[in-house]
Amino acid sequence: MNSVNPAALPAIDLYRAWQALRLEQPRLRARDAAAVLGVSEAELTASRLGVDAVRLRCDWSELLPALGTLGYIMALTRNEHCVHERKGHYREVSVSANGAMGLVVSADIDLRLFMAQWASVFAVAENGERGVQRSIQIFDRQGVAVHKVYLTDRSDDAAWAPLVERFRAEVQSAELELLPPAERKAPRADDQVDVGALRADWAALKDTHHFFAMLKRHDLARTQALRLAGHEWAEPLATAELPRLIEAAAAREVPIMVFVGNRHCIQIHTGPVRNLRWLDSWFNVLDAEFNLHLRTPGVVELWRVRKPSVDGVITSLEAYDEEGELVVQLFGARKPGMAERDDWRELAESIAALEV
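Last residue of the sequence shown? That's 390 in our numbering, and every number before it is there in order.
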């Protein structure tokens, strides 16, 4: 019998294939089910239209602030190897005039949004063991999940239906105009980089937010820049030191900033971490308002990075996967205009660098 490509199936048949898979593997998450079925997660979600999902209008400047009406929610942002879940309220939302960038800067939900490639959004109300789980799910042009917002038992359930009706797309179509992933640009050879100019520009940084612009000027990938910056600014560490440092921060009650993101959304937790657990190769923070799930084999490089600023040197730990993509980034808790915490710097500097 010839096999059928699930990606070529009508939405209803894709949904049925998914439900059959769920009977075999009831704990399989949508992201993993999509991979098994050979489709994107956005396509899998679109197959639910008319069952337990509604397609919404991609009116980000209106939709994102409206999420504040839901009250206390859980925001989820992830990449291939790390999941960041933060509970709180969607407040202080701003979107640039061209709609390409946005911010959420409330005390609990803290996001940096890069929306030029956001392509679809769905409201999902799924029946589960604990009742109906409601969420807003946003996907990019490849059908990969960018950001999700889940209602909690402290959310305003009465606000859900009005929000869905307000932003319901006129045409409830499962058709998605997906694009193939952009080809990865090959990095320049190290001997083509003006290392002296890179180090001079690095030393002249006044704001950590200017770091990405510096990389673009020198046409460098992040890990390449770290390798070439010199030990004054970047040092490689053993990857096993990452969970150990988080454990030490918890033990010493050092508040930290945890950045996790993908190319379209970065989510930040600021504060202490306390309840830490290993589950197989996953290292987890399981606090009441902040959960982190780190698949440790996905981290193949760990760096201690120092960036000068008008507030003094800012120290971070940066973890990268085999593609050179940032998995998670840690700082000491601080705000602009504040110097780095002494206890964080002492902790970050206590790790011996690898000899290279």
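Beta carbons: idealized from backbone N, C-alpha and C, even for Gly. Predicted model, so just to flag it, every value in this text is computed and none were measured.
Same chain only: Cβ atoms within 6 Å of residue i, ignoring 5 sequence neighbours per side
i           : result
residue 169 : 158, 182, 184
residue 323 : 121
residue 340 : 267, 347, 349
residue 370 : none
residue 33  : No information on residue 33 is available, as it lies outside the stretch 35 to 390 that the chain covers here.
residue 259 : 249
residue 241 : 343
residue 166 : 159
Whole-angstrom C-beta distance between residue j and residue i, which should lie under 8 Å
i           : j           : result
residue 298 : residue 206 : About 24 Å; that fails the 8 Å criterion.
residue 120 : residue 303 : 5 Å
residue 143 : residue 155 : That belief does not hold up - the Cβ atoms of residue 143 and residue 155 are roughly 17 Å apart, past 8 Å.
residue 160 : residue 86  : 5 Å
residue 248 : residue 228 : Going by Cβ atoms, the distance from residue 248 to residue 228 rounds to 13 Å, so no, they are not a contact pair.
residue 349 : residue 368 : That pair is no contact at about 11 Å.
residue 365 : residue 290 : 7 Å
residue 134 : residue 149 : 6 Å
residue 296 : residue 180 : 7 Å
residue 162 : residue 212 : No, residue 162 and residue 212 are not in contact; Cβ-Cβ is about 28 Å, not under 8 Å.
residue 63  : residue 294 : Actually they are not in contact, since the Cβ atoms of residue 63 and residue 294 sit about 17 Å apart, beyond 8 Å.
residue 110 : residue 208 : That pair is no contact at about 23 Å.
Short Cβ contact (8 Å threshold) for residue i with residue j
i           : j           : result
residue 338 : residue 382 : yes
residue 147 : residue 271 : no
residue 95  : residue 45  : no
residue 263 : residue 233 : yes
residue 321 : residue 307 : yes
residue 92  : residue 361 : no
residue 310 : residue 280 : yes
residue 210 : residue 77  : yes
residue 288 : residue 377 : yes
residue 70  : residue 55  : yes
residue 73  : residue 101 : no
residue 99  : residue 127 : yes
Own chain, CB closer than 8 Å to residue i, minus 5 neighbours either side, in chain order
i           : result
residue 36  : Any reading at residue 36 needs caution, since the residue's pLDDT is 41, under 50, leaving its predicted position unreliable; the model's value is listed next. Closer than 8 Å at Cβ, skipping near neighbours: no residue.
residue 372 : 345
residue 316 : 327, 328, 329, 330
residue 104 : 124, 183, 185, 189, 190, 193, 194, 197
residue 90  : 97, 155, 156, 157, 170, 198, 201, 202, 203
residue 390 : 270
residue 214 : 176
residue 265 : 387
residue 251 : 235
residue 273 : 330, 333, 334, 335, 336, 353
Residue(s) in a DSSP beta bridge with residue i
i           : result
residue 108 : 121, 184
residue 305 : 290
residue 202 : 90
residue 349 : 340
residue 311 : 318
residue 354 : 335, 360
residue 326 : 118, 319
residue 279 : According to DSSP, residue 279 bridges with nothing at all.
residue 271 : 336
residue 127 : 138
residue 46  : DSSP lists no partner for residue 46.
residue 295 : 300
residue 366 : 290
Close Cβ partners of residue i (< 7 Å) along its chain, the five nearest in sequence each way excluded
i           : result
residue 276 : 333, 336, 351, 353
residue 257 : 335, 354, 358
residue 342 : 237, 239
residue 282 : 381
residue 38  : Because residue 38 sits at a pLDDT of 47, beneath the cut-off of 50, its placement in the model cannot be relied upon, and the following sentence gives the value as read from the coordinates. Same-chain partners within the cutoff: there are none.
residue 52  : 67, 71, 78, 81
residue 356 : 334
residue 129 : 94, 95, 98, 136
residue 114 : 332, 355
residue 245 : 239, 341
Residue i CB to nearest heavy atom of the ligand ZN below 7 Å
i           : result
residue 288 : Summarising the ligand content, the structure contains no ligands, and the ligand ZN is consequently not present.
Complete runs of the alpha helix (DSSP H) confined to the stretch 129–203 [at least 4 residues]: Look at the stretch 129–203 and you find these whole runs of alpha helix (DSSP H), each 4 residues long or longer: 194–201.
Segments assigned alpha helix (DSSP H), at least 4 residues, entirely inside the stretch 218–251: Inside the stretch 218–251, DSSP marks whole alpha helix (DSSP H) runs of 4 or more residues at positions 229–237, from first to last along the chain.
Residue ranges of each beta strand (DSSP E) within the stretch 49–93, 3 or longer: Given a length threshold of 3 residues, each whole run of the beta strand (DSSP E) inside the stretch 49–93 is given here in chain order: 87–89.
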